[in-house]
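The structure appears right after this line, and notes come after that.
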Amino acid sequence: MWLSLTKAAQVQLAGEPADRARAGAKLQADLSGQVFAEFAIDRETGKRNRRLILLVGAEHRYMLKQDPEDSAPRFVVTAAPALEFEVLERTRRHGLALPPIFSWTVHQPADPAPSDRARDTLVELLDDFYERKDHPEAESADRDGDEVFDVWLRVLDARDDLARGEHQPIAYKRVRAEGRRGVFMLTEGA
3 MWLSLTKAAQ
13 VQLAGEPADR
23 ARAGAKLQAD
33 LSGQVFAEFA
43 IDRETGKRNR
53 RLILLVGAEH
63 RYMLKQDPED
73 SAPRFVVTAA
83 PALEFEVLER
93 TRRHGLALPP
103 IFSWTVHQPA
113 DPAPSDRARD
123 TLVELLDDFY
133 ERKDHPEAES
143 ADRDGDEVFD
153 VWLRVLDARD
163 DLARGEHQPI
173 AYKRVRAEGR
183 RGVFMLTEGA
């Protein structure tokens, strides 16, 4: 798949001055392992934007933009920041793990047809992923284990947030168990 790097993305990958060759080598190394993808969220509407895709590699998150007026079979990489492990991991948990069918290049391919097919395949995979995510009733009953795992991951995320000081703990006097639920009696001022 052809990924065209902007100057800003080149600097984020390889530092100053912008160098497409060094940035391209860094991108290929970063995307050589497991890669995750998701549609970006439009800040104005709060909905998924099918023209913006986030790719997550080992150390960087890439913002891919698909220009409908651009006839070239490519994505333009507008940003490629190196992010903290927790931020990358959050995207990995909520995104689609891409099958190892893609190869990445920053050079314009001699034959654009495979890159065009790869671009369309990526968008189709994401469409299918979100269709299954938005309509879980169509999934089989073997997802029960995944639901427990997802709840556990949310609990771990909350603990990490507390440890980083992003949230304050809630003080309580006692707890009453009612089957699978717990009712907490909060202290004054909580």
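192 is the number that this note's numbering gives the last residue of the sequence shown; the numbers go up by one with no jumps. Positions of the beta carbon are idealized from the N, C-alpha and C atoms, including for glycine. Bear in mind that the values here come from a model prediction, so they are computed numbers and not experimental data.
Cβ neighbours of residue i in the same chain (closer than 7 angstroms, five flanking residues each side left out)
i: residue 186; result: 174, 177
i: residue 50; result: 41, 43, 132
i: residue 8; result: 78, 79, 80
i: residue 32; result: 59, 60, 61, 62
i: residue 28; result: 15, 16
i: residue 118; result: 75
Distance CB(residue i)-CB(residue j) smaller than 8 angstroms
i: residue 75; j: residue 24; result: no
i: residue 265; j: residue 30; result: Lying before the first or after the last residue shown, residue 265 is absent from the chain, which here runs from 3 to 192.
i: residue 66; j: residue 158; result: no
i: residue 39; j: residue 124; result: yes
i: residue 55; j: residue 128; result: yes
Top-ranked residue by Cα proximity to residue i, from the options
i: residue 98; options: 72, 36, 47; result: 36
i: residue 72; options: 171, 53, 127, 126; result: 53
i: residue 11; options: 100, 152, 39, 62; result: 62
i: residue 126; options: 107, 106, 105, 101; result: 101
i: residue 87; options: 179, 188, 184, 162; result: 162
i: residue 34; options: 106, 119, 153, 3; result: 106
i: residue 26; options: 184, 182, 47, 3; result: 3
Span separating the alpha-carbon of residue i from that of residue j
i: residue 137; j: residue 96; result: 15 angstroms
i: residue 21; j: residue 171; result: 47 angstroms
i: residue 151; j: residue 103; result: 27 angstroms
i: residue 148; j: residue 69; result: 36 angstroms
i: residue 180; j: residue 168; result: 30 angstroms
i: residue 48; j: residue 19; result: 35 angstroms
i: residue 153; j: residue 166; result: 20 angstroms
Proximity test, Cβ basis, 8 angstroms: residue i and chain D
i: residue 32; result: Although the question refers to chain D, the structure presented lacks it and comprises just one protein chain.
Own chain residues within Cβ distance below 6 angstroms of residue i, not counting five before or after
i: residue 64; result: 57, 79, 82
i: residue 188; result: 174
i: residue 85; result: 63
Same chain, Cβ closer than 8 angstroms to residue i, neighbours up to 5 away in sequence not counted
i: residue 115; result: 75
i: residue 160; result: 169
Say whether the stretch 89-96 touches the stretch 105-116, bearing in mind that this needs 3 or more beta-carbon pairs closer than 8 angstroms, one atom from each stretch. no
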